[in-house]
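In the numbering used here, the protein residues as written are -5 to 108. Just so you know, even glycine gets a beta-carbon here, dropped at the ideal spot from N, CA and C. Have a look at the structure below before the remarks.
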């Protein structure tokens, strides 16, 4: 018999069978109060709860990351749009400056300044 979960793995269990006598209504694990096994059983229960909580947290985190990526994509789109607009504006200004500079040079040549 093999069984396990994310915290415990059982590879083998040895069993011995005998006829039921009816003397006991049920059974349970009996551990000396000082035995480590009892404390480990409690710890395993707590660890299982933590595992569930962590898995749920990662699920929530994944959703939040998706939202953040959408916002980043939107922000990048806006920045690229502004950059395109700014590039056009700067090119217009440079053309205007070049035209003005050419006119200044022509006027200075007419007057013999250069």
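Taken through DSSP and simplified to helix, strand or coil, residue 46 comes out as helix. In its chain, beyond the 5 residues on either side, no residue has a beta carbon closer than 7 Å to the beta carbon of residue 36. A straight-line Cα-Cα distance of about 23 Å links residue 82 and residue 97. At the C-beta level, residue 108 and residue 99 come within 8 Å of one another. Assigned with DSSP and collapsed to three states, residue 38 falls in helix. Put simply, the backbone Cα of residue 55 is about 50 Å away from that of residue 18. Per DSSP, reduced to three states, the secondary structure at residue 3 is strand.
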